[in-house]
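Have a look at the structure below before the remarks.
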Ligand code: SD4
């Protein structure tokens, strides 16, 4: 019965994924959002620096600690993302992430380094630090991506421990969801969500990582943009990097992060490139962009940064020059409602 309701509901939406009220009403969920620094176009670029999607000051602080002590951007983004993966209060990353519609917490993550090496895991169960498994895939296998049971076995054989990622509170939320079983994946839960992180170390080298439990109450087996190199994340050490958050299907369809980096290669600033990539999504014929969120953050080789989203209330955390601050993103609907 629930299954039928779910399928019917999914079929009623054009992308098969409907917006939630929480997407559009998330503005009152965090007081922190009101005290943010508005985005600026003239940015002093000094290194090292780290940026991340949403308000994740503990994660960026960890990454900066590594960068300041001479660590690589790769170590910084991995360890920064691990902070959110371990935080059971973050319901869209790692342990405590909301499950799929059948109650399974399944994680997607990827990582990319200055040399263009990359690793990724999809549909990973029972392992909190998906980003570290992705790094192992990159460094210790000839492959880029491992999925499902194979990814889990690879993690276990490399010393990762299996644990139940469904916490009391995510289980409770899932049980509440099951009453209606409406297929309305929740994006932008509170003011943190999928974490994507980009860092430039003291040598000027760039790396990035992205980790998520994906859309809440997704179909079992669904994989979003976050572990897809070029969609959820892309790094080109000569140019810059980008990570995405939001409705992964829309990011994948436009190969969003690769697009942003290529636009920067053509001379656009990170801000302009993020805006152009959002414009590719919203200007598609029959796009129902009012019903979903997508946000990008980007950095170029000079250390200039940008961020842009479709809806309001997207932000990035930026740690540079001793300041670890939340920067409210500009957004498409501000001038196009
Ligand atoms: C996904 N992009 O699985 C992820 C979800 C996300 O903010 O970013 N939510 O589609």
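Numbering (our numbering), first residue to last: 3 to 339.
Cβ atoms here follow ideal geometry from the backbone N, Cα and C, with glycine treated the same way.
Local Cβ density within 10 Å of residue i, reported as buried at 16 or more and exposed below that
i, result
"residue 324", "exposed"
"residue 154", "buried"
"residue 222", "exposed"
"residue 134", "buried"
"residue 262", "buried"
"residue 164", "exposed"
"residue 182", "exposed"
"residue 118", "exposed"
"residue 166", "exposed"
"residue 337", "exposed"
"residue 131", "buried"
"residue 305", "buried"
"residue 328", "buried"
"residue 334", "buried"
"residue 240", "exposed"
"residue 259", "buried"
"residue 69", "buried"
"residue 29", "Only weak support is given to the placement of residue 29: the predicted model assigns it a pLDDT of 35, under 50, and the value that follows is read from those uncertain coordinates. Exposed, because fewer than 16 other Cβ atoms sit within 10 Å of the Cβ of residue 29."
"residue 142", "exposed"
"residue 268", "exposed"
"residue 1", "This structure cannot settle anything about residue 1, because the visible part of the chain is limited to 3 through 339."
"residue 322", "buried"
"residue 309", "buried"
"residue 145", "exposed"
"residue 286", "exposed"
Whether residue i touches residue j by CB criterion (8 Å)
i, j, result
"residue 377", "residue 297", "Residue 377 lies beyond the stretch modelled for the chain, which goes from 3 to 339, so this question has no answer here."
"residue 229", "residue 140", "no"
"residue 75", "residue 116", "yes"
"residue 179", "residue 105", "no"
"residue 214", "residue 98", "no"
"residue 82", "residue 55", "no"
"residue 114", "residue 231", "yes"
"residue 300", "residue 272", "yes"
"residue 316", "residue 331", "yes"
"residue 248", "residue 295", "yes"
"residue 95", "residue 208", "no"
"residue 283", "residue 289", "yes"
"residue 172", "residue 101", "yes"
Closer than 7 Å: residue i CB and nearest the ligand SD4 heavy atom
i, result
"residue 259", "no"
"residue 213", "no"
"residue 227", "yes"
"residue 248", "yes"
"residue 332", "no"
"residue 217", "yes"
"residue 93", "no"
"residue 293", "no"
"residue 110", "yes"
"residue 195", "yes"
Beta carbon proximity, residue i to chain D, threshold 8 Å
i, result
"residue 75", "The chain inventory of the structure shown lacks chain D, comprising one protein chain alone."
First through last residue of the beta strand (DSSP E) which encompasses residue i
i, result
"residue 318", "317 to 322"
"residue 246", "242 to 248"
"residue 197", "197 to 202"
"residue 116", "Neither: residue 116 is in no beta strand (DSSP E) and is coded neither H nor E."
"residue 155", "No beta strand (DSSP E) holds residue 155; the alpha helix (DSSP H) holding it covers 150 to 159."
"residue 52", "51 to 55"
"residue 300", "296 to 302"
"residue 211", "208 to 214"
Host alpha helix (DSSP H) of residue i (start-end)
i, result
"residue 260", "258 to 267"
"residue 172", "170 to 182"
"residue 78", "75 to 88"
"residue 70", "59 to 70"
"residue 283", "272 to 284"
"residue 306", "Note, residue 306: premise wrong, no alpha helix (DSSP H); not H, not E."
"residue 138", "132 to 142"
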